[in-house]
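*Asks:* If you scroll down you'll find the structure; I have some questions about it.
Protein chains: 2
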Amino acid sequence: MRLSDSIEQFIKELLNEEATEVELKRNELAEYFGCAPSQINYVLATRFSPDHGYLTESRRGGGGYIRIVRVVQSGSQRLMYLVNERIGDSLGEEECLRLISQLKEQRIVTADEASLMASAVSTRALSVPVPDVLKDAMRAKMMKSMLMTIAARNRS
Amino acid sequence: MRLSDSIEQFIKELLNEEATEVELKRNELAEYFGCAPSQINYVLATRFSPDHGYLTESRRGGGGYIRIVRVVQSGSQRLMYLVNERIGDSLGEEECLRLISQLKEQRIVTADEASLMASAVSTRALSVPVPDVLKDAMRAKMMKSMLMTIAARNRS
DNA sequence: CTCTATAGGTCAAAGAAAGTCAGACATCTC
DNA sequence: GAGATGTCTGACTTTCTTTGACCTATAGAG
Chain A
1 MRLSDSIEQF IKELLNEEAT EVELKRNELA EYFGCAPSQI NYVLATRFSP
51 DHGYLTESRR GGGGYIRIVR VVQSGSQRLM YLVNERIGDS LGEEECLRLI
101 SQLKEQRIVT ADEASLMASA VSTRALSVPV PDVLKDAMRA KMMKSMLMTI
151 AARNRS
Chain B
1 MRLSDSIEQF IKELLNEEAT EVELKRNELA EYFGCAPSQI NYVLATRFSP
51 DHGYLTESRR GGGGYIRIVR VVQSGSQRLM YLVNERIGDS LGEEECLRLI
101 SQLKEQRIVT ADEASLMASA VSTRALSVPV PDVLKDAMRA KMMKSMLMTI
151 AARNRS
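Note that the protein sequences, when read in sequence, are chains A and B. Counting in the numbering used here, the first sequence runs from 1 upward without gaps. Counting in the numbering used here, the second sequence runs from 1 upward without gaps.
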């Protein structure tokens, strides 16, 4: 069995028993598996990315840590559909706005959150000298990122 | 738990019970926590700066002290300050996150809104081939845009 | 007025973790 | 079996914390 798979499984077991969140020390985990610490980053990048339904945060320095949050897709099929299929690699401003207003109508986000999201992907917010193609790519990523965050919260 | 975090918490507990102001002796505090006195300055600098919503003043010599004041500021004042003065033309991810978490602590935004904002300016959301300089310029604009939206909403 | 004990301030360097990335190696696909 | 894709490592980087040596201001005694 591959090392990455073992590490993946180990973390998923920690997450299984009613915990939707784990905190671990990169160095300890690496030592436990007898591998380079950077291997942990590889596993996180390839198995615990937002596209896989996870969020991670971390802190460096003394007392540092890595936290992994599992985003369960029970009450949020709609969101996961958007993240995984509807939104591709690029999304124009109009399309973003359409999607956001749908989410609001379906009461998946509040009116306040909808306007917050809209202001983040607005032309005004992205008015820097960058080709439109890249801006739309960013919009897609930003939308996915925000939707994942909402899904994580809706974890019901 | 980190020493800095313990000291931070200790001070915040002193400030919590209806007191908006504490006065303490640097050396005593350091002795209580068994650390170097300069550690106290570190905590003040990283957790009780004006950005965090605190002011500090102090006095040396016999009978010296350090006073920490929690600044009471309305939400919209705070937002305007951030938009017009604090956030310039560029803002790194770490700084964004710091500002956002302070807004949350000061209850100007909800926890949900804070995580939404954080996910919008995250590295993850902006991982497209664009120079960092431009990303930080975008972050500044996005933050302003979102904060303006919040300010507009609060004014109702 | 001067001296000294008593505080707090500053800064650089060491330490503690995590992040990044290029390249070696492995595995899969056709 | 050659090229593409996936794994893994190690050297280097970045960020955050902690300490200690040295600096500066103040009050009070003489």
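Idealized CB from N, CA, C, for every residue including glycine. Just so we're clear, the structure is a prediction, and the values are computed from it rather than from any experiment.
#1: Is the Cβ of residue 130 (chain B) closer than 9 Å to any Cβ of chain A?
#2: Tell me which residues of the region 50 to 70 of chain A have at least one Cβ-Cβ distance to chain B shorter than 7 Å, keeping chain order.
#3: Would you mind giving the Cβ-Cβ distance between residue 103 (chain A) and residue 114 (chain A), rounded to the nearest angstrom? I have them listed as a contact below 8 Å.
#4: Counting pairs of Cβ atoms below 8 Å between the region 25 to 44 of chain B and the region 79 to 94 of chain B, do you hit three or more?
#5: Which residue comes first and which comes last in the beta strand (DSSP E) that contains residue 24 (chain A)?
#6: On the criterion of 16 or more Cβ atoms from any shown chain inside 10 Å, does residue 6 (chain A) qualify as buried, or is it exposed?
#7: In its own chain, which residues sit with a C-beta less than 8 Å from the C-beta of residue 120 (chain B), not counting the 5 before and 5 after it?
#8: Using a beta-carbon distance below 9 Å, is residue 156 (chain A) in contact with chain B?
#9: Residues of chain B with CB closer than 8 Å to the CB of residue 141 (chain A), please, in chain order.
#10: Using three-state DSSP, classify residue 58 (chain A) as helix, strand or coil.
#11: Can you tell me whether residue 19 (chain A) is buried or exposed? The criterion is at least 16 other CB atoms within 10 Å of its CB, across all chains shown.
#12: Who are the Cβ neighbours of residue 24 (chain B) in its own chain at under 6 Å, not counting the five residues just before and after it?
#13: Near residue 109 (chain A), what residues of its chain come up, given a Cβ to Cβ distance below 8 Å and the 5 sequence neighbours on each side ignored?
#14: Out of B:11, B:127, B:148, which one is the CA nearest neighbour of residue 32 (chain B)?
#15: Excluding the 5 residues flanking residue 15 (chain A) on each side, which residues of the same chain have their C-beta closer than 8 Å to its C-beta?
#16: Output the distance between the C-alpha atoms of residue 51 (chain B) and residue 88 (chain A), rounded to the nearest integer angstrom.
#17: Output, in sequence order along the chain, the residues in the region 103 to 119 of chain A whose CB is closer than 9 Å to any CB in chain B.
#18: Tell me, which residues are paired with residue 65 (chain A) by DSSP?
*Replies:* The answer reads as follows:
#1: Against the second sequence, residue 130 (chain B) aligns to sequence position 130. When Cβ-Cβ separations below 9 Å define contact, residue 130 (chain B) makes contact with chain A.
#2: Contact residues of the region 50 to 70 of chain A toward chain B are 50, 62, 63 (C-beta to C-beta distance below 7 Å).
#3: For the purposes of this step, residue 103 (chain A) is identified with residue 103 of the first sequence, where counting begins at 1. For the purposes of this step, residue 114 (chain A) is identified with residue 114 of the first sequence, where counting begins at 1. By a beta-carbon distance limit of 8 Å, residue 103 (chain A) contacts residue 114 (chain A). Their separation comes to about 7 Å.
#4: No contact exists between the region 25 to 44 of chain B and the region 79 to 94 of chain B.
#5: Along the first sequence, one-based indexing puts residue 24 (chain A) at 24. The continuous beta strand (DSSP E) containing residue 24 (chain A) extends over residues 21 to 24.
#6: As a position in the first sequence, residue 6 (chain A) is number 6, starting the count at 1. The residue in question, residue 6 (chain A), is exposed, as its Cβ has fewer than 16 Cβ neighbours within 10 Å.
#7: Here residue 120 (chain B) is taken as the residue at index 120 of the second sequence, counted from 1. Within its own chain, the residues whose Cβ lies closer than 8 Å to the Cβ of residue 120 (chain B), once the five positions on either side in sequence are excluded, are 142, 146, listed in chain order.
#8: Mapped onto the first sequence, residue 156 (chain A) falls at position 156. Low local confidence applies: a pLDDT of 44 at residue 156 (chain A) is under 50, so the model's placement there is unreliable, and no value is given.
#9: Within the first sequence, numbered from 1, the residue matching residue 141 (chain A) stands at position 141. Within 8 Å Cβ-Cβ: 124, 125, 126, 127, 128.
#10: Locating residue 58 (chain A) in the first sequence gives position 58, where the first residue counts as 1. Strand.
#11: In the first sequence, residue 19 (chain A) corresponds to position 19, counting from 1. By the neighbour-count rule (16 or more Cβ atoms within 10 Å), residue 19 (chain A) is not buried but exposed.
#12: For the purposes of this step, residue 24 (chain B) is identified with residue 24 of the second sequence, where counting begins at 1. Excluding sequence neighbours, residue 24 (chain B) sits near 66.
#13: Reading the first sequence from its first residue, position 109 is the one you call residue 109 (chain A). The residues are 100, 103, 117, 150.
#14: For the purposes of this step, residue 32 (chain B) is taken as the residue at position 32 of the second sequence. For residue 32 (chain B), the nearest C-alpha among the options comes from B:11.
#15: Stepping through the first sequence from its first residue, residue 15 (chain A) is reached at position 15. Cβ neighbours of residue 15 (chain A) beyond the five flanking positions: 21, 22, 68, 70.
#16: If you number the second sequence from 1, residue 51 (chain B) lands on position 51. If you number the first sequence from 1, residue 88 (chain A) lands on position 88. Spanning the two alpha carbons is a distance of roughly 38 Å.
#17: Of all residues in the region 103 to 119 of chain A, those with a C-beta nearer than 9 Å to a C-beta of chain B are 109, 110, 111, 112, 113, 115, 116, 117, 118, 119, reading in chain order.
#18: What you label residue 65 (chain A) is simply residue 65 of the first sequence in a count that begins at 1. Partner(s): A:59.
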